[in-house]
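Read left to right, the sequence shown gives residues 1 to 242 (this note's numbering). Even for Gly, the Cβ is constructed at its ideal location relative to N, Cα and C. These numbers come from a predicted model, not from an experiment. Structure record follows, encoded as structure tokens.
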Amino acid sequence: KKLAQMAELPIGPWAVDIYDEDEFYNSLAGLVVKHPEVRTWLFKIDDERSSRGTAYIDLLKMQQVSHSAHASAPALLGGGVEDFTEPAVIGADAGEVRAMLQHYVPRRVTLCNRQVYGDFASWLAEACRIGCVIQAVPEHLISQTSVHFQVAPDGAVDVLGTSETVTSTPFVRAASWYPHTRGSYQVLQEVGLRLGRSLAAKGLVGFASADVVFFDNPNFDVTEQSLQEHRDSPAIIGSDTP
Numbered sequence: 001k002k003l004a005q006m007a008e009l010p011i012g013p014w015a016v017d018i019y020d021e022d023e024f025y026n027s028l029a030g031l032v033v034k035h036p037e038v039r040t041w042l043f044k045i046d047d048e049r050s051s052r053g054t055a056y057i058d059l060l061k062m063q064q065v066s067h068s069a070h071a072s073a074p075a076l077l078g079g080g081v082e083d084f085t086e087p088a089v090i091g092a093d094a095g096e097v098r099a100m101l102q103h104y105v106p107r108r109v110t111l112c113n114r115q116v117y118g119d120f121a122s123w124l125a126e127a128c129r130i131g132c133v134i135q136a137v138p139e140h141l142i143s144q145t146s147v148h149f150q151v152a153p154d155g156a157v158d159v160l161g162t163s164e165t166v167t168s169t170p171f172v173r174a175a176s177w178y179p180h181t182r183g184s185y186q187v188l189q190e191v192g193l194r195l196g197r198s199l200a201a202k203g204l205v206g207f208a209s210a211d212v213v214f215f216d217n218p219n220f221d222v223t224e225q226s227l228q229e230h231r232d233s234p235a236i237i238g239s240d241t242p
């Protein structure tokens with residue numbers, strides 16, 4: 001997350017460095033209350049790869065939580081909380097959301113690999129031992145892509161290629177397209193270059209990949225965009241980027 005912030009890349013709502021059950025539910029409740037428009041929340045164990053340590057919840061399957069979050073959000077957001085910040089303090093009404101999450105999440109969560117984690121209790125125990133993150137999943141996904149790049153010893157960054165995930169079930173990779181087929185190459189190239197420069201500034205060299213999600217942005221105005229001066233790559237990749 002710090003690298004993405006250093007590279008001035010857009011990041012959605014998420015919480016990182018979670019190491020115990022109380023912190024997990026506090027963070028999730030804070031995110032749900034501050035972002036009631038988010039339907040799906042993704043949980044990932046830090047040291048797992050692919051979908052092995054991934055789980056998710058769909059709030060549409062937990063109407064009580066969704067309704068409570070929408071009722072709690074105005075009171076919390078009235079305090080001037082900025083978007084895309086970690087849930088440091090939860091509003092008073094979020095205590096009710098947390099209690100509901102503790103009740104419903106173990107029953108309604110979807111574990112992407114039940115051969116490794118048979119139930120949510122075993123997943124959460126490992127997540128608390130290793131650490132985990134919580135991420136918002138945008139609606140209307142177009143593609144789940146990756147950009148692959150190299151940081152040379154002299155600090156030069158070279159974008160080597162792109163790929164696109166083909167899923168068999170949500171968030172479970174079945175295959176990949178090389179190169180990617182949907183989404184802007186210029187955006188992926190810019191992401192790779194910015195992250196590569198951030199890694200080089202930290203003294204790191206070698207090969208790396210970054211995952212990038214493309215989705216339909218309801219706030220994007222095609223007409224307005226067509227009137228702007230064309231550039232090879234976006235000057236700033238933000239929430240107004242298609």
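Handout entry: Backbone CA spacing between Tyr25 and Tyr185 [nearest angstrom]
Key = C-alpha separation (whole angstroms): 37 Å.
Exercise for the section: Report the residue from Phe43, Val33, Tyr117 whose alpha carbon sits nearest the alpha carbon of Val16. Expected result: For the residues Phe43, Val33, Tyr117, the minimum Cα distance to Val16 belongs to Phe43.
Problem - Check whether Ser191 and Ala210 have beta carbons under 9 Å apart - result: Going by the sequence as given, residue 191 is Val instead of Ser. In contact: Val191 and Ala210 (Cβ atoms closer than 9 Å).
Problem - Cβ-based burial, Asp83 [other Cβ within 10 Å; buried from 16] - result: Residue placement at Asp83 cannot be trusted, given a pLDDT of 45 that sits under 50; the coordinates are not used to answer.
Practice task
Under 8 Å by Cβ, that's how I've got His140 and Thr162 pegged, so tell me the actual separation to the nearest angstrom.
Solution key: Between Thr162 and His140 the Cβ distance is about 21 Å, and since that is not below 8 Å, they are no contact.
Exercise for the section: Let me know the secondary structure DSSP gives Tyr56 once reduced to three states. Expected result: In the structure shown, the three-state DSSP call for Tyr56 is strand.
Problem - Start and end residues, alpha helix (DSSP H) containing Gln135 - result: Per DSSP, Gln135 belongs to no alpha helix (DSSP H); it is in the beta strand (DSSP E), 132-137.
Exercise for the section: Provide the residue span of the beta strand (DSSP E) that contains Asp211, from first to last. Expected result: 206-215
Practice task
Look up Ala15 in the DSSP assignment and say whether it is helix, strand or coil.
Solution key: It is a strand residue.
Practice task
Could you spell out the range, first to last residue, of the alpha helix (DSSP H) harbouring Pro148?
Solution key: Residue identity check: residue 148 is His in the sequence provided, not Pro. It is not in any alpha helix (DSSP H) - His148 instead sits in the beta strand (DSSP E) that spans 141-151.
Exercise for the section: Count the other C-beta atoms from every protein chain shown that fall within 10 angstroms of the C-beta of Glu8, then say buried if there are 16 or more, exposed otherwise. Expected result: When all chains shown are included, Glu8 counts as exposed.
Problem - Paired residues, beta bridge with Lys44 - DSSP - result: Thr54, Val133
Handout entry: Pick from Phe220, Gly53, Asp158 that is closest to Arg114, judged by C-alpha positions
Key = Nearest option by C-alpha distance: Gly53.
Practice task
Excluding the 5 residues preceding and the 5 following Ser239 in the sequence, name in chain order all residues of the same chain whose CB lies nearer than 8 Å to its CB.
Solution key: Residue placement at Ser239 cannot be trusted, given a pLDDT of 47 that sits under 50; what the coordinates show is reported in the next sentence. Excluding sequence neighbours, Ser239 sits near Pro10, Asn217, Asn219.
Problem - For Glu21: DSSP bridge partner residues - result: Paired residue(s): none; Glu21 is not in a bridge.
Handout entry: Of the residues Arg49, Pro153, Met6, the one placed nearest Val116, counting alpha carbons only
Key = Taking only the C-alpha atoms, the option nearest Val116 is Arg49.
Practice task
Excluding the 5 residues preceding and the 5 following Ala174 in the sequence, name in chain order all residues of the same chain whose CB lies nearer than 7 Å to its CB.
Solution key: Around Ala174: Val166, Thr167, Ser168.
Practice task
Go ahead and pull the three-state DSSP assignment for Glu96.
Solution key: helix
Handout entry: Local Cβ density within 10 Å of Phe214, reported as buried at 16 or more and exposed below that
Key = The Cβ neighbour count for Phe214, taken over all protein chains shown within 10 Å, is at least 16; the residue is labelled buried.
Exercise for the section: Note down the Cα distance separating Met62 from Leu111, rounded to an integer number of angstroms. Expected result: Whole-angstrom Cα-Cα distance: 16 Å.
Practice task
Could you tell me the distance, in whole angstroms, from the CA atom of Ser143 to the CA atom of Glu23?
Solution key: Cα to Cα, Ser143 sits roughly 31 Å from Glu23.
Handout entry: Val157 versus Gly196 - alpha carbon distance
Key = 6 Å
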